[in-house]
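Just below is one structure, and these are the notes that go with it.
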Amino acid sequence: NAGVMQNPRHLVRRRGQEARLRCSPMKGHSHVYWYRQLPEEGLKFMVYLQKENIIDESGMPKERFSAEFPKEGPSILRIQQVVRGDSAAYFCASSPPRSSGVDEQFFGPGTRLTVL
Amino acid sequence: GQSLEQPSEVTAVEGAIVQINCTYQTSGFYGLSWYQQHDGGAPTFLSYNALDGLEETGRFSSFLSRSDSYGYLLLQELQMKDSASYFCAPQTGGFKTIFGAGTRLFVKA
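Residue numbers (our numbering), protein chains in the order written: chain U, 1 to 116; chain P, 1001 to 1109.
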């Protein structure tokens, strides 16, 4: 059973360009989370999605950032008109349906975004 | 509001026992998870406490006191490979999980 996959692993963008980060959850997982991590810091929650629904986007900046988890295909975190402050590691995590009773999230390897 | 406190750094020697404390304040609470993250790597799940008491998984144990909004991670028989960051992560109302800044554990020979 493949783990959570993210691509690309490294992404370089110039200021003003768009960044698209992809996440394929583990098989059977219907919940996806996106986190941002700056060097030497913790994980900052961005958004929690289920298939075709955004459940909680309280951690997403109001502008330039959007996320989706379509019925088919990976979850996408999209950052428009990137700025240097967007440089960070972006982690995706997935979890099985809540009926399992344990809050265990499985993390992907992350996408390291560098904005020049 | 929501807050999470854990020590920023802990240093211990190989073979020793170390305890990493965590206090939290959240709007709604379902349980407390612990994650380990090595430099440059992804967080990996260690344990989850939904009820008060101690959960043991090999060399690692985790404790929760819901009434005190407090938990800890206990690492026994420390090994060099345990050098990493450790995050306590309360699961809040709406099933959102909050991660703090983490505790960097340095294990010395």
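For every residue, glycine included, the Cβ atom is placed at its ideal position computed from N, Cα and C.
According to the Cβ coordinates, are P/Trp1072 and P/Gln1037 closer than 9 Å?
With the sequence shown as reference, residue 1072 of chain P is identified as Tyr, and Trp is not the correct amino acid for it. No, these two residues do not count as a Cβ contact at 9 Å.
Quick check: the Cα distance between P/Ser1008 and P/Cys1088, rounded to an integer number of angstroms?
12 Å
If I measure Cβ to Cβ from U/Met46 and keep anything under 7 Å in the same chain, skipping five residues before and after, which residues do I get?
Trp34, Tyr35, Arg36, Gly59, Met60
Would U/Ala93 pass as an interface residue toward chain P - the criterion being a Cβ-Cβ separation below 9 Å?
yes
Give the residues of chain U in contact with P/Tyr1048, contact being defined as C-beta atoms less than 8 Å apart.
Val102, Asp103, Glu104
Just to confirm my understanding: we take U/Ala67, look at its own chain, exclude 5 residues before and 5 after, and list those with CB closer than 8 Å. What are they?
Trp34, Met46, Val47, Leu49, Ile54, Glu57, Met60, Ser75, Ile76, Leu77, Arg78
Provide the residue(s) that pair with P/Val1018 in DSSP beta bridges, ordered along the chain.
P/Leu1075
Are the beta-carbon atoms of P/Ser1061 and P/Ser1047 separated by less than 9 Å?
yes
First and last residue of the beta strand (DSSP E) that includes P/Thr1011?
Per DSSP, P/Thr1011 is one residue of the beta strand (DSSP E) stretching across 1009-1013.
Can you find a C-beta in chain U that's less than 9 Å from the C-beta of P/Gln1091?
yes
7 Å Cβ cut-off: residues of chain U touching P/Gly1031
In chain order: Asp103.
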